[in-house]
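J.:
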Amino acid sequence: MHDTNEKGSSGPLRGIKVLDASTILAGPLTAQILGDFGADVIKIEHPQQPDGMRGHGLDKNGVPLWWKMVNRNKRTITLNLSTAEGQEIFRDLARAADVVIENFRPGTFERWGLSYADLSAANPGLIMLRVTGFGQHGPYATRPAFGTLVESMSGFAYLTGQPDGPPTLPAFGLADSIAGIAGSSAVSMALLDRERSGGIGQEIDLDLLTPIMTAVGPGVIYADQLGIDQERTGNRSQNNAPRNLYRTKDEHWLAISTSAQAIAERVMRIVEHPEVIDEDWFATGRTRAQHADLLDRYVGEWIAERTRDEVTTVFEQAGAAVAPVYRPSDLLTDPQVVATDMITTVEDDDLGPVRMQNVMWRMGRSPGSIRHTGRPAGADTDNILTSLGRSAEEIDNLRVRGII
85 MHDTNEKGSS GPLRGIKVLD ASTILAGPLT AQILGDFGAD VIKIEHPQQP
135 DGMRGHGLDK NGVPLWWKMV NRNKRTITLN LSTAEGQEIF RDLARAADVV
185 IENFRPGTFE RWGLSYADLS AANPGLIMLR VTGFGQHGPY ATRPAFGTLV
235 ESMSGFAYLT GQPDGPPTLP AFGLADSIAG IAGSSAVSMA LLDRERSGGI
285 GQEIDLDLLT PIMTAVGPGV IYADQLGIDQ ERTGNRSQNN APRNLYRTKD
335 EHWLAISTSA QAIAERVMRI VEHPEVIDED WFATGRTRAQ HADLLDRYVG
385 EWIAERTRDE VTTVFEQAGA AVAPVYRPSD LLTDPQVVAT DMITTVEDDD
435 LGPVRMQNVM WRMGRSPGSI RHTGRPAGAD TDNILTSLGR SAEEIDNLRV
485 RGII
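With this note's numbering applied, the sequence shown covers 85 to 488.
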């Protein structure tokens with residue numbers, strides 16, 4: 085279990101200071117993960133135009149809910165980086181930081197005098213994660229890009245959907261989320277390298293396209309070596325069968341996968357068609373997939389005559405793989421999710437107790453934690469600037485002039 089009520093940090097990144105100068109969504113998610121595992125994260129927002137994440141998704145009584153999750157464990161400061169004084173304050177913060185995360189268009193930080201060369205001259209141990217759609221260089225570097233565009237370019241949309249239907253985009257920020265998780269890995273690697281290289285940091289160029297291209301799988305090497313493109317197969321797989329969604333007697337949907345040969349054999353015994361196991365084509369997942377119509381019919385007919393609980397019980401007793409198609413609300417009561425605290429309760433100043441996804445992995449000696457939810461824009465500005473030696477009068481003056 086994760087202790088989400090502690091105020092101090094117990095994670096492996098405790099003592100690491102992060103400046104999150106990024107917006108929707110990959111950069112903030114990277115910073116969230118680092119904060120979950122102990123880093124002290126300062127979220128930087130424009131004083132007149134706060135992070136657009138505050139306006140994404142649903143709200144409750146004007147309180148943005150997604151923001152509460154993706155900006156948890158972060159202190160917040162407002163700062164206009166396009167001004168000379170805002171840039172000066174940012175440099176002061178960066179001198180004491182371990183990590184800077186930014187996702188402005190390539191060249192923007194250079195124009196502001198905040199390039200990696202500028203910042204690392206005063207702080208050689210600094211690690212700077214730069215998140216863009218297509219990377220810092222190349223013909224697409226300056227193009228505006230969102231996750232939707234790279235979900236299309238990565239091959240994901242082309243492979244998703246029914247064979248006779250159009251390419252299909254995800255209903256959530258898939259590319260950004262994969263990149264955000266990748267970003268936390270990249271920063272962790274850079275922190276380890278800094279330890280081994282005598283305290284020297286580095287710049288990380290993370291584009292949104294590469295991580296989701298990797299997640300999509302072997303399509304590129306297939307195209308290169310075989311000259312073929314994978315095609316949409318709906319809920320089926322080219323790698324194994326039976327693999328699909330099947331409707332139960334009580335109108336639930338169940339997912340079945342048979343990636344392992346032994347599981348495929350168990351499933352066919354369960355659905356009372358053991359004779360197919362002796363067919364030559366049943367010996368591999370790829371050749372089973374060529375007979376998906378037959379296998380889906382056998383499995384689908386058997387499941388259609390039984391309730392979800394009946395099917396699940398039989399499959400679990402036989403050691404075969406099955407899972408329900410859940411709505412988000414179903415996760416709140418799932419026994420495994422509850423037992424392992426995958427979704428946990430956090431106290432929020434605006435909403436009271438809220439439930440959200442917990443930290444992403446369970447570490448035995450130095451666990452992460454959710455110390456607080458996302459805070460109002462600039463909630464910690466005065467405290468942070470005071471720690472930099474700014475007087476109350478200076479802070480008021482900066483605020484009046486729109487610098488903070």
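Note that CB positions come from ideal geometry on N, CA and C, so glycine has one too. Note that this is a predicted model, so its numbers are computed, not measured.
So, helix, strand or coil for leucine 149, using DSSP?
T.: helix
J.: Taking only the alpha-carbon atoms, compute the straight-line gap between alanine 325 and aspartate 364 and give it to the nearest angstrom.
T.: 14 Å
J.: If you scan the stretch 339 to 392 from start to end, which runs of the alpha helix (DSSP H) of 4 or more residues do you find wholly inside it?
T.: 345 to 354, 369 to 373, 376 to 388
J.: Where do the ends of the beta strand (DSSP E) carrying alanine 407 lie?
T.: For alanine 407, the enclosing beta strand (DSSP E) has its first and last residue at 406 to 408.
J.: How would you label methionine 444, buried or exposed, when you count the other beta carbons within 10 angstroms and need 16 or more for buried?
T.: Counting of Cβ neighbours within 10 angstroms places methionine 444 among the exposed residues, the total staying below 16.
J.: Taking the C-alpha atoms as reference points, what is the distance between aspartate 53 and alanine 115?
T.: The chain is shown from 85 up to 488; residue 53 falls before or after that span and cannot be answered.
J.: Under the rule that 16 or more other beta-carbon atoms within 10 Å means buried, what is isoleucine 185, buried or exposed?
T.: buried
J.: Quick one: is arginine 320 buried, meaning 16 or more other Cβ sit within 10 Å of its Cβ, or exposed?
T.: buried
J.: From Gly249, Arg439, Ile284, pick the residue whose C-alpha is nearest to that of alanine 205; which is it?
T.: Ile284
J.: Short of 7 Å in beta carbon distance, which residues of its chain neighbour isoleucine 128, apart from the five on each side in sequence? Order them along the chain.
T.: Leu103, Asp104, Ala105, Ile161, Leu163
J.: Under the three-state reduction of DSSP, which class applies to asparagine 328: helix, strand or coil?
T.: strand
J.: Short check: CB of glycine 122 to CB of arginine 98, under 8 Å?
T.: yes
J.: Go through its chain and collect everything with a Cβ distance to aspartate 124's Cβ below 6 Å, but skip five positions before and after it.
T.: Lys101
J.: Could you have a look at alanine 259 and say whether DSSP puts it in helix, strand or coil?
T.: helix
J.: Could you give the DSSP three-state label for alanine 299: helix, strand or coil?
T.: Of the three classes helix, strand and coil, the one that applies to alanine 299 here is helix, per DSSP.
J.: DSSP three-state call for alanine 105: helix, strand or coil?
T.: strand
J.: Contact defined as beta carbons within less than 8 Å: I believe leucine 292 pairs with alanine 241. What is the distance between those atoms, to the nearest angstrom?
T.: 14 Å between Cβ atoms; not a contact.
J.: Please identify the residue among Thr216, Pro228, Gln171 whose C-alpha is closest to the C-alpha of leucine 203.
T.: Cα-wise, what sits closest to leucine 203 is Gln171.
J.: Could you pull the start and end residues of the alpha helix (DSSP H) that aspartate 466 belongs to?
T.: From DSSP, the alpha helix (DSSP H) with aspartate 466 extends over 465 to 471.
J.: Per DSSP, glutamate 477 forms a beta bridge with which residues?
T.: Looking at the DSSP assignment, glutamate 477 forms no beta bridge with any residue, so it has no partner.
J.: Am I right that phenylalanine 399 and valine 406 are in contact with their C-beta atoms under 8 Å? What's the rounded C-beta distance?
T.: 4 Å
J.: How far does the alpha helix (DSSP H) with glutamine 116 in it extend, from its first residue to its last?
T.: 110 to 120
J.: Leaving aside the five residues before and after glycine 209 along the sequence, list all residues of the same chain whose C-beta is less than 8 Å from its C-beta, in chain order.
T.: Asp182, Arg278, Gly283, Ile284, Gly285
J.: Please tell me whether glutamate 41 and isoleucine 468 are closer than 8 Å, where the distance is taken between their beta carbons.
T.: Since the first residue of the chain shown is 85 and the last is 488, residue 41 is not available in this structure.
J.: Please report the distance separating the alpha-carbon of aspartate 377 from that of valine 422.
T.: 37 Å
J.: At 3 residues or longer, what runs of the beta strand (DSSP E) sit wholly inside the stretch 408 to 458?
T.: 427 to 432, 436 to 441
J.: Please determine if the stretch 210 to 220 and the stretch 292 to 301 are in contact, where contact requires at least 3 C-beta pairs separated by less than 8 Å.
T.: yes
J.: According to DSSP, is leucine 177 helix, strand or coil?
T.: helix
J.: What are the boundary residues of the beta strand (DSSP E) that arginine 214 is part of?
T.: 211 to 216
J.: Quick check: what's the CA-CA separation for threonine 274 versus asparagine 323?
T.: In the sequence on display, residue 274 carries alanine and not threonine. When rounded, the distance between both Cα atoms is 36 Å.
J.: Near aspartate 87, which residues of its chain fall below 8 Å by C-beta distance, leaving aside the five closest residues on each side in sequence?
T.: Its pLDDT being 40, under 50, aspartate 87 is placed unreliably in this model, and the value from its coordinates should be taken loosely. Its chain contains Ser94, Pro451, Ser453 as the residues whose beta carbon lies nearer than 8 Å to that of aspartate 87, once the 5 sequence neighbours on both sides are disregarded; these appear in chain order.
J.: Could you give the DSSP three-state label for leucine 290: helix, strand or coil?
T.: strand
J.: How would you write the range of the beta strand (DSSP E) that arginine 159 sits in, first residue to last?
T.: 158 to 162
J.: Assess, as a yes-or-no matter, whether the stretch 386 to 393 is touched by the stretch 326 to 335 under the definition of 3 or more beta carbon pairs within less than 8 Å.
T.: yes
J.: Report the three-state DSSP secondary structure of asparagine 319 (helix, strand or coil).
T.: In the three-state DSSP reduction, asparagine 319 falls in the coil class, being neither helix nor strand.
J.: Is glutamate 335 helix, strand or coil by DSSP?
T.: coil
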